[in-house]
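One structure is given here, and the rest of the page talks about it.
Numbering (the numbering used here), first residue to last: 2 to 176.
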């Protein structure tokens, strides 16, 4: 793997994380039972399986096809979904989701509200402390129904993702 300092930018472009982050993630998941077996045939190294999964997560369109990924990684076609499933099983199984994806506590919420007010200059926006806006999820091709609606300002077909864990409106959002 080309993780040394000379190729760090290339590594990040391919798997979407810096080499140090990659190594830390390998260390967190490497001992999960999904990477072990009772066979005479050893599994691929955890680092290879993680690289395949991260490459797959970070690409779309033709670059994300199982065939393209198998060529890129030098693994069999069937290994791509298998490695991805193992990596996700390990990530969810070692508690990384609970450790890193969580709701803020009350102190963190208050700091976020203060930051929104400070950066926007608008006290009324302080309640919008957790809304995430502007994340585009690229899709491979134009959908058949209402396809033009999916064409974004970056000239790609995508879906816009907005996440909020609190209702900012005093009115019910049901129809």
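Where is the CB? At the ideal position from N, CA and C, for every residue including glycine.
Do the region 68-78 and the region 28-35 make contact, defined as three or more Cβ pairs closer than 8 Å? no
Which listed residue (43, 38, 151, 47) has its alpha carbon closest to that of residue 25: On the chain shown, residue 25 is found 24 positions in, with the first residue counted as 1. Minimum Cα distance to residue 25 is reached at 47.
Residue 21, buried or exposed, once every other Cβ within 10 Å from all chains shown has been counted against 16: Taking the chain shown and counting its residues from 1, one reaches residue 21 at position 20. Residue 21 should be labelled exposed.
Mapping the DSSP letters down to three states, classify residue 8 as helix, strand or coil. Taking the chain shown and counting its residues from 1, the one referred to as residue 8 is at position 7. Looking at residue 8 - three-state DSSP - the assignment turns out to be helix.
Quick one: what's residue 80 bridged to in DSSP? Along the chain shown, one-based indexing puts residue 80 at 79. Paired residues: none, contrary to the question.
Reference residue 101; option with closest CA among 50, 29, 6, 124: By one-based count along the chain shown, residue 101 stands at place 100. Comparing Cα-Cα distances from residue 101 to each of 50, 29, 6, 124, the minimum goes to 29.
Any idea what DSSP makes of residue 170, helix, strand or coil? What you label residue 170 is simply residue 169 of the chain shown in a count that begins at 1. Summary for residue 170: the model assigns pLDDT 47, below 50, so the residue's position carries little reliability, and this model does not support an answer.
According to DSSP, is residue 20 helix, strand or coil? Translated into positions along the chain shown, residue 20 becomes position 19. Note: residue 20 maps to helix in three-state DSSP.
For the candidate residues 140, 85, 97, 147, whose alpha-carbon lies nearest to that of residue 155? Stepping through the chain shown from its first residue, residue 155 is reached at position 154. Out of 140, 85, 97, 147, 140 has the C-alpha closest to the C-alpha of residue 155.
Can you have a look at residue 136 and say buried or exposed, based on whether 16 or more other CB atoms are within 10 angstroms of its CB? Counted from its first residue, the chain shown places residue 136 at position 135. With fewer than 16 other Cβ atoms within 10 Å, it is exposed.
Would you mind sorting residue 57 into buried or exposed? The rule is 16 or more other CB atoms within 10 Å of its CB. Mapped onto the chain shown, residue 57 falls at position 56. With 16 or more Cβ atoms within 10 Å of its Cβ, residue 57 is classed as buried.
Local Cβ density within 10 Å of residue 84, reported as buried at 16 or more and exposed below that: The residue you call residue 84 lines up with position 83 of the chain shown. Buried is the call here.
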